[in-house]
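Shown next, in structure tokens, is the structure this report addresses.
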Amino acid sequence: MAASPTRQRRYELELLGLADDELIVGWRDSEWTGIAPMLEEDVAFSSIAQNEIGHARAVYELLGDDADALAFDRRPEEYRCAPLVQLHLLDWAHTIARRWLYEVADEIRISALRETLPLAAKIDREEQYHRMHAEMWHERLRDTAPFRAAVEELWPYALGVLPAEQRNALAARIGRPVVDAVERGEHVDGFTGLWEEMTTVRRSAPAGAQW
Amino acid sequence: MIWEVFRRGRAGAAFEHSGSVEAPDAEFAEAWAREQYGRRGESVALWLVPRDAVHVVDDWADEFDLKYRRVDGYSIKARLKEARSRVGSTERRS
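Sequence order for the protein chains is A and B. Just so you know, the first sequence maps onto residues 1 to 211 in the numbering used here. Just so you know, the second sequence maps onto residues 1001 to 1094 in the numbering used here.
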């Protein structure tokens, strides 16, 4: 892609944001491993979390030689992930609401990247299954009060996953108006704690842990 | 609701019973079975069958020991050997 340095830089930042979103949403979702409401869902949810982390790796590898360095060697404030994925959610309604909102937003974002990013099609093939999973839960929970409240609460965060020009598409898909978004670049209170836990091994063995 | 899972390992192979998933409907059963029986590339197709739909047959009366009906009723070893030597081959065909 022939692009001016600024445009190229913007594009790289966009990809870094995407990779960070995938890493952190994968990390947060993996916190349900072992304690999801049903055994079968535990397996499925953990697997989806792993897929997301795999997508992060693939995009980090496009951006630098060492995916681990990008994933673990930055300071917390350098991460570009949207606040939506950083939230430490302690109940299933919120967790599924985030999964659903995130998948719908991610689909819009990935399809906009198809022309410039060959990897997008590959990522999207796995995301199709994630969307099926999210949609199935959404259909089941959408008329329940806890889920509706969770969507209401997370909606400004969901908008913050996408750049301004893609938000109308998200609003149309979710059936909500565009409101002030919780923008990328802000970090929620729990993020430093997540970062500390996520980078513990890396910081204790900077040369690379052997398993 | 329990769904019995049958897995086809490769194109043309027979479906084999592989286990089960507990799921409220076919949609959830599919999502969960995909994870548990397909995510490592071990299946090309799955059959998901509600356990209630399985008609079980497990009682076999054989009161008079009619062993001539069973495959272990006779030995065909000797006759096989004889047949092989007749056609001039000692190799088994597989």
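Virtual Cβ for every residue (Gly too), placed ideally from N, Cα, C. Because the structure is a prediction, the values reported are computed rather than measured.
The residue among W32(A), G175(A), G26(A) and A19(A) with its C-alpha nearest the C-alpha of E152(A) is G175(A). Counting along the chain, F1006(B) sits inside the beta strand (DSSP E) bounded by residues I1002 to R1008.
Using a Cβ-Cβ distance cut-off of 8 Å, the segment 47-55 of chain A and the segment 161-176 of chain A are not in contact, since fewer than three pairs of beta carbons, one from each stretch, lie closer than that value. The alpha-carbon of Q86(A) is positioned some 11 Å away from that of G185(A). C-alpha of E183(A) to C-alpha of H1055(B): approximately 57 Å in a straight line. Going by DSSP, V182(A) is part of no alpha helix (DSSP H) at all; its letter is neither H nor E.
With a threshold of 7 Å between beta carbons, R1086(B) makes no contact with chain A. Taking a cut-off of 8 Å for Cβ pairs, the segment 91-104 of chain A and the segment 132-143 of chain A touch, as three or more such pairs fall below it. In the DSSP assignment, E52(A) falls within the alpha helix (DSSP H) that extends over L39 to L63. If you draw a straight line from the Cα of V43(A) to the Cα of W1003(B), it is about 16 Å long.
Any Cβ of chain A closer than 7 Å to the Cβ of R1007(B) would place that residue at the interface, and such an atom is absent. Annotated as distal: A181(A) and L101(A), with beta-carbon spacing of 7 Å or more. Note on geometry: alpha-carbon atoms of R80(A) and L62(A) lie some 16 Å from one another.
In this structure D143(A) is not in contact with E127(A), their Cβ atoms being roughly 26 Å apart against a cut-off of 8 Å.
Burial check for F1064(B): the Cβ neighbour count within 10 Å stays below 16, so the residue is exposed. Take D68(A), set aside five residues on each side of it, and no residue of its chain has a beta-carbon closer than 6 Å to its own. Apart from the 5 residues on each side of it in sequence, E1022(B) sits with its Cβ closer than 6 Å to the Cβ of I1002 in its chain, given in chain order. Secondary structure in the segment 71-155 of chain A: the alpha helix (DSSP H) runs of 4 residues or longer, each lying completely within the stretch, are 83-86, 92-113 and 119-141 in chain order. Residue pairing from DSSP places P1050(B) in a beta bridge opposite W1003(B). Against chain B, the beta carbon of A44(A) has neighbours under 7 Å at A1031, W1032 and E1035, listed in chain order.
Counting along the chain, the unbroken beta strand (DSSP E) around G1019(B) starts and ends at E1016 to E1022. Of the residues E103(A), P146(A) and T192(A), the one whose Cα lies closest to the Cα of W92(A) is P146(A). A Cβ-Cβ contact shorter than 7 Å links V178(A) with R167(A). Note: A1045(B) is bridge-paired with R1008(B) in the DSSP secondary-structure output. Short of 8 Å from the beta carbon of L194(A), and not among the five residues preceding or following it, lie these beta carbons of its own chain, in chain order: I24, W27, R28, Q86 and H88. Using a Cβ-Cβ cut-off of 7 Å, V1044(B) does not count as an interface residue toward chain A, since no Cβ of chain A sits closer than that to its own. Under the rule that a run must span 4 or more residues, no alpha helix (DSSP H) segment is found entirely inside the segment 1051-1078 of chain B. Within the same chain, Cβ atoms closer than 7 Å to the Cβ of T199(A) are found at F72, the five residues on either side in sequence being excluded. When DSSP states are grouped into helix, strand and coil, L23(A) belongs to the helix group. C-alpha of T6(A) to C-alpha of E12(A): approximately 10 Å in a straight line. With at least 16 other beta carbons inside 10 angstroms of its own, D21(A) counts as buried.
Between the C-alpha atoms of R57(A) and R148(A) there is a straight-line separation of about 33 Å.
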